[in-house]
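Residue numbers (this note's numbering), protein chains in the order written: chain G, 1 to 324; chain H, 325 to 619; chain U, 620 to 1050. The beta-carbon is built from N, C-alpha and C at its ideal position, and this holds for glycine as well.
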Amino acid sequence: MLSSWTFFISTLVVYFGVDLLSGLSLNLQFGYAGVINFGYIIFQAAGAYAAAVVTLGPSGPASFQHYVFGAKLPFPLPLLLATAVGAALAGVVGLFGLRRIRRDYQAVVLLIVSLIALQLVQADVPLFNGSNGLVGIPRPLQSQLALTPQGYQWAYAAWVLALCALVYLLVRWLSKSTWGRSLRAVRDQEDAAASLGLNVTALRLQVFVIGGAIAGLSGGLLVEFIGAWSPDAWGYAETFVIFTAMFVGGVGNYRGVLLGVLLVPILFLQLPQFLPQIGYPGLTGSLEWIIVGLVWMAILLLRPQGILPERRALALPDLSREAA
Amino acid sequence: MGTLVSAVAFGVVLASVIAVAAMGFTIQFGLTNVFNLSFGAIMTVGAFAAYLAQVNGINAWYGLAVGGAAGAVLTLLIGRGLFRVYARRGAKLFEMVMVTLGLGLVINYAIQAISQNNVYQFAVLQSKPLRLGPAAITPTQAILVGIAVAVFAALEAMLRLTRTGKALRAMAAEPTLARSCGIRTGRVVIVTWLLSGFLCGMAGVVYIINTQSVGYATGENFLPLVVAAAILGGAGSPAGAVVAALAMGVVTEIVSAYGGPQYSTVAGFGILVLVLVARPGSVLGGQARETRLTL
Amino acid sequence: MRWSIGRVTAAVAALGLAATGCASSGGAAGGKSPLVVAGVVAYTGASDFEGQANAGGLYPAISEVNSAGGVLGHKLVYKTVDTKNDPADALPAMQQAMATTSNLTLVTGPDTSSAPALVPVLNNAKIPMTVVAGESAYDRNTLPYFWRLFPPDSANGTAMALWAKRKGYTRVAAVFGTDSGSQGDKPGVIASLHALHVKLVANVDLTPDQPTYSSAVHKLIAAHPQVVMTESDATTGATFFGELKQQGGLVPVIGTEATFTAPWLKAVSGALGSSFRSDFSAMINAPSKPTKAISAYRKAVTAVKAKEPKPWQSYLSNPLSITYYDGVITVALAMNAAHSTDPSAFNKFIPQVANPGPGKTVVYTYAQGVAALKAGKKIQYYGASGLINFNRYHNSFTNQEAVASSNASQPTALGTVTAKQIQAVPVTGVG
């Protein structure tokens, strides 16, 4: 019992870290730059697939799973590659998806891109083994570290949290920099910012690529922990869990994101499993999503700025006031 | 050649299924500016209404009206009741997308819970296919094409010939101006919710007439095609939605006939991406004009 | 009001503790603490039929064991762990269940998609599992707590190919959904056709839940297959085959085991009407000849029909449910044989109470088995799914049978393909 608690909690810590990275990435993109990335999950998936195929080793004609670019790279190269692939994909998508169009259009276009990506991976089996996904991805350094299974769990959790801390410091530093203030100016007063000489499209693309890199990293960390990855793991609904977390905690506030990730994907989606089962099997699963939807709508109604709202004092007041 | 002709014929059938929903979506969106992602869930409600009607002995084709009515009532309730509350509390375009998304989740999973995850059979009379040269389509499919054409004609006539229709178009194009010209916006908005809701519910029934089964995910699976057609056709334009649906339908079926069927829907969406990349202005109205919600 | 993050975290932790307190305080009502049997499959999402089949088999098994007095005085209780067909969801859900469930004694599952992530975790925790994952990778399993009463996916595909060959078909088309369940079963079919030199004239993959598949149907007809081998979700199957029939291209259809489940049969038979009975057959784990085990199973299903997923009749002969049932009964008997509910003690008794052997008393029900064990006899549980015979890799291969019916509860047997014939086919390159 005690050791299974250790396993459970350490797994939750890893998931918390991965979700936190997602939250930080989305908050940078949406909270600071106003880019609504409804396709977030494909960048995480890209990182996961990248890390998986360069860990699994080459895929031969006789092997039961097929994928491209099979290789066996040592730690931490797969993670670095996952980060790079997330960034590169974000660059490509951003180049076309981030033109100056209505924000709700932009959001939905990214959502459709995420659907296309999912169907493409399912349809094209030789790419990443289709719907069956990739399995048997070894955990990094497991044999070299020679730890007990519990020890390894905690070591991995610590490693994920360390990377979270690093990314947290990075995005906070970025948002407080002049660059970050320009982002907020673009978000709040796009036309004014453009007329002051800020290159709106370039700024958005930059923030999109940085967010994509963080997404790729989170995917790599997740896949190396689970050891398997398939299209079922990156349905577009996953993106909305993180969006909900951000809205609950507070958009544009990194501590809010931390709180939101703790509340929504971790506590909220784990808690129903503790409750007694009611009705037919599967009913609890449906009710869980109904509750997520209701909480979401309630928050948008009652506290759209989240539990911990953005501190407006940090924004660039002069610019927006002058523009108005 | 035969393959091409059949693919085009099948494309028209697919387009008809998409078009009814896309017309509903586009007039709703064009007028209210609510990007309503709960549209799919409401289609499912319409489909289930028709299914329940059939179980109680009502013919599947009358189910179109039953589903439409269910969609209209629900949409009006949501539009006038729910969305307005959010708008009053300051929700803008994007916040409203989030609201509709949450609402869609709630409706979808409520249907899942009530239907116990089951797929139900929706039986429609079957008979021998009609031969059109090398292509053969079923009578049911021919009727669906007819329905789409009739809906399009009726909608266009209503928008161009009736007072309410003209007011609706004026409001979609220039809301502020329309209001200052003395158009009773409240009434027009109500008509829009009812009309688009009716088309939405009916589209759910059209979908299940062809698939012959209904489940909680019916509308959710279908929504991306509908949204893509509506965006491609330009907000508020039923004609645009029909043309977009035709383009998507035909490309989907041609890819399915000549390439792998598994790539067909990807190709259908691909058109949207291609157009966005090549000529974003033509589809999305160029500048990021901040439009307001009309509820 | 401004909350400091420290206070919120404390509140969250307190809430979490309160929740676990609730969960663990639900003790046993009299007697010894109950033993938990978990179903670890998809209960929601596209593959939710897995969960329905699991519940369909576990409720009767648990009722059967409990009405015979339980296991060594312990009652069995059922717990569902939803994998949602996603390894990323399955891992924390399983670990949560392991952490919060005292006496988690048996796992029925995990399914194909989550097995790679969960099997090692369960084995390390010394929890026996009756696995339903179809990966051929487990044909040579060496993990001690892994038990599979179910043939690998490829065996089902091989049986379909053998059956087609026996019926004299030389031109076969494959129609599979791109969902993970269907794609999991497809490689076995394709590789077996290849190994048996049967020609694959069309290989059609369908994106699920499209409004129409007209062109795919047209393409299939143009290839002139004599028979179609298929698996998809229910809606996709209904749309595709409904259109195939209306276009006049319907040929005999052989479905995988997964098609012989209530939702699929209901949807597709509705779309095909009268043709369904004549043209559809499915290859399933051979239902054994009427034995006392089958009648005991059916009686148990009827006894818990109010709890069963709807329609309860479909579980009377659902091959998946029957296999789950046999898994629970076998493991419960192993506990009796070992006089222990500790997995590390009873695990090795699992083959001992099931495999055939000289001098063993054949038993068909749990109660019979317990009585025979008490009388000091060695037993062989002959299951509702037929003979159970674990090999050294903890796999029990069974015969496969071609069946026809639009009603999952009343299959009509068409012919048998034996486990030996299946294993003689040199299939390569499938997971």
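A Cβ-Cβ distance of about 12 Å is found for the pair U/D705 and G/A45, leaving them out of contact under the 8 Å criterion.
When the Cα atoms are used, G/G151 and G/L145 turn out to be separated by approximately 10 Å.
The beta-carbon distance between U/V923 and U/P763, rounded to whole angstroms, is 32 Å. This is too long to meet the 8 Å contact definition. Of all residues in the stretch 383-394 of chain H, none is placed with a Cβ closer than 7 Å to any Cβ belonging to chain U.
Chain G places no beta carbon closer than 8 Å to that of U/A994, leaving this residue out of the contacts.
Excluding sequence positions up to five before and after U/P1045, its CB lies within less than 7 Å of the CB of A814, all in the same chain and listed in chain order. In terms of CA proximity to U/K993, U/A956 leads the group U/A956, U/Y983, U/Q845 and U/T1037. Scanning its chain for C-beta atoms nearer than 8 Å, with the 5 sequence neighbours on each side dropped, one finds around G/A123 the residues G130, in chain order. Between U/D804 and U/A886, the gap from beta carbon to beta carbon reaches 8 Å or more. When only Cα atoms are considered, U/Q987 and U/I998 end up about 10 Å apart. Within the DSSP secondary-structure output, U/F899 pairs in a beta bridge with U/V872.
By the neighbour-count criterion, in which 16 or more other beta carbons inside 10 Å mark a residue as buried, H/G326 falls on the exposed side.
Comparing C-alpha distances from H/G528 to each of H/V337, H/I366, H/L355 and H/V336 shows the shortest one belongs to H/I366. Buried is the label assigned to U/W883, since at least 16 other Cβ atoms lie within 10 Å of its Cβ. Every alpha helix (DSSP H) of 4 residues or more that sits fully in the stretch 359-403 of chain H is shown, in chain order, as 363-379 and 387-400. By the beta-carbon neighbour count (other beta carbons within 10 angstroms, threshold 16), H/V512 is buried.
Nearest to U/I746 by alpha-carbon distance, out of U/G776, U/V950 and U/Y1012, is U/V950.
Any Cβ of chain U closer than 8 Å to the Cβ of G/I226 would place that residue at the interface, and such an atom is present. Residue state for H/Y444 is assigned as strand, using DSSP reduced to three classes. Remark: C-beta atoms of U/A1027 and U/F879 approach each other more closely than 8 Å. About 4 Å separates the beta carbons of U/T663 and G/G285, which is inside the 8 Å limit, making them a contact pair. If you draw a straight line from the Cα of U/F769 to the Cα of G/L73, it comes to about 36 Å. H/A346 and H/A541 do not touch by the CB rule: their CB atoms are close to 19 Å apart, not below 8 Å. Closest in alpha carbon position to G/G86, among G/Y40, G/Y168 and G/L258, is G/Y40. Here G/A88 is not near G/V223, since their CB atoms are 8 Å or more apart. In this structure, DSSP gives U/S682 a helical state, which the three-state scheme calls helix.
By the C-beta density criterion, U/W782 is buried, having at least 16 other C-beta atoms within 10 angstroms.
Its chain contains G133 as the residues whose beta carbon lies nearer than 6 Å to that of G/S230, once the 5 sequence neighbours on both sides are disregarded; these appear in chain order. Spatial neighbours of U/V947 in its own chain (CB-CB distance under 8 Å, excluding positions within 5 residues in sequence) are listed in chain order as V656, G676, L677, A680, I681, V684, L695, L725, T727 and T749. Short of 6 Å from the beta carbon of H/L596, and not among the five residues preceding or following it, lie these beta carbons of its own chain, in chain order: A552 and L556.
Separation of G/N37 and G/I214 (C-alpha to C-alpha, rounded to the nearest whole angstrom) is 13 Å. Within the same chain, and ignoring the five residues on either side of U/A774 in sequence, the residues whose Cβ sits closer than 6 Å to its Cβ are I1041. Take the alpha-carbon of U/A1023 and the one of U/A881: they are about 13 Å apart. Sorting H/G335, H/L328 and H/V329 by C-alpha distance to the C-alpha of U/T831 places H/G335 at the top. When rounded, the separation of the alpha-carbon atoms in G/A52 and G/L80 is 12 Å.
When 9 Å is used as the limit between beta carbons, H/L596 is near no residue of chain U, the shortest such separation being about 16 Å.
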